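In our numbering, the protein residues as written are 1302 to 1590. Don't be surprised by glycine CBs; every beta carbon is placed ideally from N, CA and C. Just so we're clear, the structure is a prediction, and the values are computed from it rather than from any experiment.
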């Protein structure tokens, strides 16, 4: 009995909770009109409309974040196997978000809080629940500011940088007050910065923030594996299905159940597809000229 209890305690502290899942965004696809999707694309968030894998195994995700991600160097580090840089460019390759522009303000701001409270009829001292914003998006059939702001709230608070609670984080409000400026913000660097911040606080809580799915796809795209050949689709989040990811995880699992069996390549699929895209653009520009 004591052995079982000890095992449960060890598992509880090893497998930390993470709410970063695109499943809510994925489930909303069928409720969005073409005009609403166009509005999202015009804000340069269209990459999140083509998510192929809505979930990832928690143990694998925790291994990447807790055991492999080094915040100081912003790398996934695998002793004896190699390192993978986690940069704004790699976020752009995987999620298709803007990787240039002004810094995303992710902070508590009284004016922004008052603005959102008035728009959403929120009581002072509280924040909208994620469930209520999901319902709001579903019921809104118009391509208007209310729809876009609500959808972006979900994108940030359920996927890019989820809080540990089930509410929308008020820290995301400042970036979403003026929707015309959303496309001009460096959301890719924001994702990296939030991963690094979350990594520094892992030992203080039994939960982690940050877009862990980014790490999973970045890692999978950097492995030498024969049984899976994902298409050269960009952003990469549109290429990797759960079935393909499960196959890679199985191939990467050692006999003792640990991860890290496969070889990490020095020239990942992401770099290859980035080179192919640049080559195509170069050819296109010189052909038009």
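Less than 8 Å between the beta carbons of residue i and residue j, yes or no?
i            : j            : result
residue 1510 : residue 1462 : yes
residue 1366 : residue 1516 : yes
residue 1542 : residue 1354 : yes
residue 1414 : residue 1471 : yes
residue 1539 : residue 1363 : no
residue 1496 : residue 1512 : yes
CA-CA distance, residue i and residue j?
i            : j            : result
residue 1505 : residue 1478 : Note that residue 1505 has pLDDT 49, beneath the 50 cutoff, so the model's placement of it is unreliable and no number is given.
residue 1431 : residue 1447 : 15 Å
residue 1484 : residue 1557 : 46 Å
residue 1445 : residue 1359 : 36 Å
residue 1452 : residue 1466 : 18 Å
residue 1436 : residue 1475 : 22 Å
residue 1552 : residue 1443 : 45 Å
residue 1331 : residue 1438 : 12 Å
residue 1560 : residue 1376 : 17 Å
residue 1532 : residue 1425 : 48 Å
residue 1529 : residue 1545 : 6 Å
residue 1346 : residue 1522 : 22 Å
residue 1421 : residue 1565 : 47 Å
residue 1419 : residue 1323 : 28 Å
Identify which residue in the options has its Cα closest to the Cα of residue i.
i            : options                : result
residue 1372 : 1550, 1498, 1411       : 1498
residue 1383 : 1428, 1435, 1524       : 1524
residue 1464 : 1450, 1486, 1428       : 1428
residue 1334 : 1440, 1469, 1482       : 1440
residue 1526 : 1404, 1562, 1489, 1393 : 1562
If residue i and residue j are in contact, beta carbons under 8 Å, what's the gap, nearest whole angstrom?
i            : j            : result
residue 1455 : residue 1325 : 6 Å
residue 1407 : residue 1460 : So it is not a contact: roughly 14 Å between Cβ atoms.
residue 1391 : residue 1519 : 6 Å
residue 1357 : residue 1536 : Wrong, their Cβ atoms sit about 16 Å apart, outside the cutoff.
residue 1423 : residue 1417 : 7 Å
residue 1387 : residue 1493 : 6 Å
residue 1486 : residue 1399 : 6 Å
Only counting runs of 4 or more residues, tell me where the alpha helix (DSSP H) segments fall wholly within the segment 1322-1353, in order along the chain. 1324-1329, 1335-1343
Ranges of the alpha helix (DSSP H) found wholly within the segment 1470-1537, counting only runs of at least 4: 1474-1477, 1488-1501, 1513-1521
List, from N- to C-terminal side, the alpha helix (DSSP H) runs of 4 residues or more that fit wholly inside the segment 1344-1402. 1359-1363, 1389-1396
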